[in-house]
Amino acid sequence: MADRKKEIERILEFVRAHRNSYASLAVCRRALDQGLSEVTEPVIAQLEDYLAQAPDEEIAAYYTIVM
């Protein structure tokens, strides 16, 4: 559980720090909406809510994308 929480925190930190990166956009598109064109603060808030209930395998996949 601690690893999951740490992975979620690292994913969100990366997305906030690198909003214009392909990695951030890929994570947000896969988690939320394939049609997203940019990562905004509301998108990050949605991502945070989504990650809280996402399966462990999905968290691990997103973590791999951004790290």
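Just add 10 to wherever you are in the sequence shown, counting from 1, and you've got our numbering.
From the three backbone atoms N, C-alpha and C, an ideal C-beta is built for every residue, glycine too.
Worksheet item: Near I21, what residues of its chain come up, given a Cβ to Cβ distance below 7 angstroms and the 5 sequence neighbours on each side ignored?
Response: V37, L61, Y72, Y73 and V76, listed in sequence order.
Practice prompt. Could you give the DSSP three-state label for L129: helix, strand or coil?
Written response: No answer is possible for residue 129: the residues shown for the chain start at 11 and end at 77.
Practice prompt. Evaluate E19 with the Cβ neighbour count: other Cβ atoms within 10 Å of its Cβ, from every protein chain shown; 16 or more gives buried, anything less gives exposed.
Written response: Exposed is the call here.
Discussion item. For F24 and A12, I'd like the C-alpha separation in whole angstroms.
Written reply: Those two C-alpha atoms are separated by around 18 angstroms.
Discussion item. Between K16, H28 and E17, which has its C-alpha nearest E51's C-alpha?
Written reply: Closest by alpha carbon: H28.
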